[in-house]
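Sequence order for the protein chains is A and B.
For the first sequence, counting from 1, position 161 maps to 160 in numbering that gives the first Met the number 0; every step adds exactly one.
For the second sequence, counting from 1, position 297 maps to 296 in numbering that gives the first Met the number 0; every step adds exactly one.
There are 2 protein chains.
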Amino acid sequence: MDSGVLKRKGSMAVNGDKVRPRVLILGAGFGGLSAAKALRNAPCDVVVIDRRNYHLFQPLLYQVATAALSPAEIASPIRSILSRQKNARVLMARVTGIDAAAKRVLLQDGRTEAFDYLIVATGARHAYFGHDDWEGCAPGLKKIEDATDIRRRILLAFERAEAIDDPEARKALLTFVVIGGGATGVEMAGAIGEVAHWALADEFRVIDPTQARIVLIEAGPRLLPAFPEDLAEHARKALVKLGVEVQLGRAVEQCDEGGIVYGGERLPARTIVWAAGVQASPAAKWLGAEKDRAGRVIVAKDLTVPGHPDIFVVGDTALVLDPKGQPVPGIAPAAKQMGAHAGRVIAARLAGRTEERPFRYRHAGSLATIGRSAAIADFGWLKVKGWLAWWLWGIAHIYFLIDFRSRFIVALQWLWSYFTFRRGARLITGGEGEM
Amino acid sequence: MDSGVLKRKGSMAVNGDKVRPRVLILGAGFGGLSAAKALRNAPCDVVVIDRRNYHLFQPLLYQVATAALSPAEIASPIRSILSRQKNARVLMARVTGIDAAAKRVLLQDGRTEAFDYLIVATGARHAYFGHDDWEGCAPGLKKIEDATDIRRRILLAFERAEAIDDPEARKALLTFVVIGGGATGVEMAGAIGEVAHWALADEFRVIDPTQARIVLIEAGPRLLPAFPEDLAEHARKALVKLGVEVQLGRAVEQCDEGGIVYGGERLPARTIVWAAGVQASPAAKWLGAEKDRAGRVIVAKDLTVPGHPDIFVVGDTALVLDPKGQPVPGIAPAAKQMGAHAGRVIAARLAGRTEERPFRYRHAGSLATIGRSAAIADFGWLKVKGWLAWWLWGIAHIYFLIDFRSRFIVALQWLWSYFTFRRGARLITGGEGEM
Numbered sequence: 000m001d002s003g004v005l006k007r008k009g010s011m012a013v014n015g016d017k018v019r020p021r022v023l024i025l026g027a028g029f030g031g032l033s034a035a036k037a038l039r040n041a042p043c044d045v046v047v048i049d050r051r052n053y054h055l056f057q058p059l060l061y062q063v064a065t066a067a068l069s070p071a072e073i074a075s076p077i078r079s080i081l082s083r084q085k086n087a088r089v090l091m092a093r094v095t096g097i098d099a100a101a102k103r104v105l106l107q108d109g110r111t112e113a114f115d116y117l118i119v120a121t122g123a124r125h126a127y128f129g130h131d132d133w134e135g136c137a138p139g140l141k142k143i144e145d146a147t148d149i150r151r152r153i154l155l156a157f158e159r160a161e162a163i164d165d166p167e168a169r170k171a172l173l174t175f176v177v178i179g180g181g182a183t184g185v186e187m188a189g190a191i192g193e194v195a196h197w198a199l200a201d202e203f204r205v206i207d208p209t210q211a212r213i214v215l216i217e218a219g220p221r222l223l224p225a226f227p228e229d230l231a232e233h234a235r236k237a238l239v240k241l242g243v244e245v246q247l248g249r250a251v252e253q254c255d256e257g258g259i260v261y262g263g264e265r266l267p268a269r270t271i272v273w274a275a276g277v278q279a280s281p282a283a284k285w286l287g288a289e290k291d292r293a294g295r296v297i298v299a300k301d302l303t304v305p306g307h308p309d310i311f312v313v314g315d316t317a318l319v320l321d322p323k324g325q326p327v328p329g330i331a332p333a334a335k336q337m338g339a340h341a342g343r344v345i346a347a348r349l350a351g352r353t354e355e356r357p358f359r360y361r362h363a364g365s366l367a368t369i370g371r372s373a374a375i376a377d378f379g380w381l382k383v384k385g386w387l388a389w390w391l392w393g394i395a396h397i398y399f400l401i402d403f404r405s406r407f408i409v410a411l412q413w414l415w416s417y418f419t420f421r422r423g424a425r426l427i428t429g430g431e432g433e434m
Numbered sequence: 000m001d002s003g004v005l006k007r008k009g010s011m012a013v014n015g016d017k018v019r020p021r022v023l024i025l026g027a028g029f030g031g032l033s034a035a036k037a038l039r040n041a042p043c044d045v046v047v048i049d050r051r052n053y054h055l056f057q058p059l060l061y062q063v064a065t066a067a068l069s070p071a072e073i074a075s076p077i078r079s080i081l082s083r084q085k086n087a088r089v090l091m092a093r094v095t096g097i098d099a100a101a102k103r104v105l106l107q108d109g110r111t112e113a114f115d116y117l118i119v120a121t122g123a124r125h126a127y128f129g130h131d132d133w134e135g136c137a138p139g140l141k142k143i144e145d146a147t148d149i150r151r152r153i154l155l156a157f158e159r160a161e162a163i164d165d166p167e168a169r170k171a172l173l174t175f176v177v178i179g180g181g182a183t184g185v186e187m188a189g190a191i192g193e194v195a196h197w198a199l200a201d202e203f204r205v206i207d208p209t210q211a212r213i214v215l216i217e218a219g220p221r222l223l224p225a226f227p228e229d230l231a232e233h234a235r236k237a238l239v240k241l242g243v244e245v246q247l248g249r250a251v252e253q254c255d256e257g258g259i260v261y262g263g264e265r266l267p268a269r270t271i272v273w274a275a276g277v278q279a280s281p282a283a284k285w286l287g288a289e290k291d292r293a294g295r296v297i298v299a300k301d302l303t304v305p306g307h308p309d310i311f312v313v314g315d316t317a318l319v320l321d322p323k324g325q326p327v328p329g330i331a332p333a334a335k336q337m338g339a340h341a342g343r344v345i346a347a348r349l350a351g352r353t354e355e356r357p358f359r360y361r362h363a364g365s366l367a368t369i370g371r372s373a374a375i376a377d378f379g380w381l382k383v384k385g386w387l388a389w390w391l392w393g394i395a396h397i398y399f400l401i402d403f404r405s406r407f408i409v410a411l412q413w414l415w416s417y418f419t420f421r422r423g424a425r426l427i428t429g430g431e432g433e434m
């Protein structure tokens, strides 16, 4: 049977008698997948390594955390995405290090994978700025498991509030704190507001979910620093209209299972979500490369690591400056552009064209949504807010979802939610999923 | 704020000055929900207690385990289902016992809930017939978490087989064993066959998933004892056509992480699914009632517990005989009929009609699916097999799904799978969800 089970053993590196160059891509996020696709027609073997079996559409992860979408609707198997790219192979494995001198990547199971070219696209995780102990009480939102964990906490808080008699404990259960006023924090706070005020409104008999307190805390002077001030102010007003309390200019000083302290004041709250910052993956450490405060590798103009012309770093793990001298933002379109650039540079080199090709970031626009019919969009030449921006946001996100099935099903879920005010994935699963 | 958060405190038992009878329903499966609905217009307060926040459409759970559907597509929040039934309240809590004399249900958090009438609809779990240590290596399929666990094991087995070099280990990874030849076992084996032979066929570069070995083991002499012999034989042939090895008349003697021993023979296999039997919930113990071998409470003709005229047991937890003297099967339609019956008896008593009303089971038919275009249906007066039975099966299951959104989305997922041969929820999450 073995000969049957084995399709072709070790045939990847051999094509006839000629050994083809081997391009390793670490991470199958937006950057890694774009790099793989850019190498589609290049005469090389591409190996994509990810510790997950799926590509995750992170911009909609907060919708899983707030029970609007199911995990599978924003995640697609990496193998399916690359199944038709015959020069690509997918390996599910955890990377533990890079031996740049020997041109090898180290895997957790002790094995190594050799490369001729390497593209590091391992993304970022949320960071607690020296307060790592806060992670237990204030989970961040980067993985599917984070999202279902936060969903469980939010839904369980309402269930527990319905079941207990102590008014103080009930008050803490019905207080939801989101820390961080960037796009993720704004989207989370708005979505929790929608859950409390619409989705659950008529379903409890003892508590009144519409009276839940949702507090968005931002240490800086304003929300959404990536947006123009008038759009950010529009977002703030839309949040207030949704019943969210926006607290600016007050940092969180303390965080535990019972609540937070911010601006010297204690706020009892049983559900806290962290959206205040990210830290790049440990690629800089693996490579011994120079990094910025957020852990991002400071790359050369062509996205290679200085001193390692065959190693590229892209996406949230790389620090690159845009034409105006600003760091390229950690968003999906930027990661895609960087991944595609690295792939094209390698393809050109394989074709014998070795001239330097600097990466140029093109900012297509910024979008953020607050809730039903409320969003902001900034295209530089055009600013949009309100329902039009919301439709733009929805259409753009459905368009960029990676597979046809997801597009169709997400569109349907949203239309259903829009007309019924309900949410389709209100499941308390995992952990304390049962009482 | 407290007065705002509190909608109406303790108002459930009081209606004006008159205290209304209190009906407790334990479990929001098919039996419990039908009972609640039958009491919709009765002058009583209904409290539905479940340790989960959702009703689960168990007949499609195997489709979650085999990556065809997402959990939220077969689960609906109990609160949503009952939100318009004004005399019903939902409480998420775990029941630990029943004090029948004092007419109280004991909850895990130490609180109690009083009742005038009680309907126990707590279902069944899979059972290992004295081999409880097999649960770790051969998980059964009753909860959402069971399904995502089995999905993870199946998908991870292919990923690991692709990554390793040892041919013996690879062979064990690509061997899938399903123990038990009832409807769940047949459906699981068929669905794993479809995953291996179609969904994953083109996506691996080292292994060939179509060469995976799927073995269905049944200790009895034939599959599907609930069906006529010719339909069961059709199902066996359809499984063989799907590449499933069907082993009849050989019991599993040993089961561990490395494989099984059956009929004296060792079969190395890394993925084993248990579908060989169920055990009723501990309701008989709670009630001190007489039970059968499967732990089911032996109830009176009106579904009450002998000696406790105000306590009913319905669904998989009850042993009831049909008009032919056979035990009513543990399937959804039977649980629904029993729940509705118990609700109607209570409603009649509340209206002052106390004559005995024996429960009569009406068997509408049996359906089982093996895979694409292959199913069997037995309506007594009509037997159907093949593609027609498959369409009947699909339409019936979509019709019985509890909410409109699920019906629409499940229909779409199935149509998409039907035309593309793919599966929409191929996520490895939880546990060892990342490598």
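For glycine and all other residues, C-beta sits at the position ideal for the given N, C-alpha and C.
In this text, all values refer to a predicted model and were calculated from it rather than measured experimentally.
Cβ of residue i less than 7 Å from any chain C Cβ?
i, result
"residue 303 of chain A", "Absent here is chain C; the protein component of the structure consists of chains A and B."
Assuming the contact rule is C-beta atoms closer than 8 Å, residue i and residue j should be a hit. Round their C-beta distance to whole Å, please.
i, j, result
"residue 288 of chain B", "residue 296 of chain B", "5 Å"
"residue 382 of chain B", "residue 227 of chain B", "6 Å"
"residue 73 of chain B", "residue 189 of chain B", "That pair is no contact at about 18 Å."
"residue 234 of chain A", "residue 185 of chain A", "6 Å"
"residue 316 of chain A", "residue 191 of chain A", "The Cβ separation is near 30 Å, so there is no contact."
Where does residue i land, buried or exposed, given buried means 16+ other C-beta within 10 angstroms?
i, result
"residue 57 of chain B", "buried"
"residue 292 of chain B", "exposed"
"residue 412 of chain B", "buried"
"residue 18 of chain B", "exposed"
"residue 519 of chain A", "Because chain A spans 0 through 434 in this model, residue 519 of chain A falls outside it and cannot be assessed."
"residue 394 of chain B", "exposed"
"residue 392 of chain A", "buried"
"residue 229 of chain A", "exposed"
"residue 239 of chain A", "exposed"
"residue 142 of chain B", "buried"
"residue 29 of chain B", "buried"
"residue 0 of chain B", "Residue placement at residue 0 of chain B cannot be trusted, given a pLDDT of 40 that sits under 50; the coordinates are not used to answer."
"residue 9 of chain B", "With a pLDDT of 42 at residue 9 of chain B, under the threshold of 50, the modelled position of that residue is not reliable, and the figure given next carries that caveat. With fewer than 16 Cβ atoms within 10 Å of its Cβ, residue 9 of chain B is classed as exposed."
"residue 426 of chain B", "buried"
"residue 7 of chain A", "With a pLDDT of only 46 at residue 7 of chain A, under 50, the local geometry of the prediction cannot be trusted, and the value read off the model is given with reservation. Looking at its Cβ environment, which holds fewer than 16 other Cβ atoms inside 10 Å, residue 7 of chain A is exposed."
"residue 40 of chain B", "exposed"
"residue 355 of chain B", "exposed"
"residue 437 of chain A", "Residue 437 of chain A is absent from the model: chain A starts at 0 and stops at 434."
Under 7 Å between the Cβ atoms of residue i and residue j?
i, j, result
"residue 99 of chain B", "residue 279 of chain B", "no"
"residue 320 of chain B", "residue 311 of chain B", "no"
"residue 313 of chain A", "residue 338 of chain A", "yes"
"residue 87 of chain B", "residue 48 of chain B", "no"
"residue 69 of chain B", "residue 69 of chain A", "yes"
"residue 104 of chain B", "residue 89 of chain B", "no"
"residue 357 of chain B", "residue 300 of chain B", "yes"
"residue 82 of chain B", "residue 54 of chain B", "no"
"residue 140 of chain B", "residue 60 of chain B", "yes"
**Prompt:** Taking contact to mean at least 3 C-beta pairs separated by less than 8 Å, is the segment 171-184 of chain B in contact with the segment 201-221 of chain B?
**Reply:** yes
**Request:** Taking a Cβ distance cut-off of 8 Å, strictly less, list which residues of the segment 195-226 of chain A are near chain B, in chain order.
**Result:** 199, 201, 202, 203, 204, 205, 206, 207, 210, 211 and 212
**Message:** Under 8 Å: do the segment 257-275 of chain B and the segment 109-121 of chain B share three or more Cβ pairs, one atom per stretch?
**Reply:** no
**Message:** Give me the subset of the segment 248-279 of chain A whose CB atoms are less than 9 Å from a CB atom of chain B, sorted by chain position.
**Reply:** none
**the segment 316-335 of chain B touching the segment 119-136 of chain B, judged by at least three CB pairs closer than 8 Å** = yes
**Request:** Check whether the segment 405-420 of chain B touches the segment 268-277 of chain B, taking contact to mean three or more Cβ pairs, one atom from each stretch, closer than 8 Å.
**Result:** no
**Item:** chain A contacts made by the segment 41-64 of chain B, where a contact means CB separation under 8 Å
**Value:** 50, 51, 52 and 53
**Request:** Check distances from the C-beta atoms of the segment 76-103 of chain A to those of chain B and list, in chain order, the residues that come in under 7 Å.
**Result:** 76, 78, 79, 82, 88, 90, 91, 92 and 93
**Prompt:** Can you list, in chain order, the residues of the segment 322-352 of chain B whose Cβ is nearer than 7 Å to any Cβ on chain A?
**Reply:** none
**Asked** Using a beta-carbon distance cut-off of less than 7 Å, what residues from the segment 114-136 of chain A approach chain B?
**Response** none
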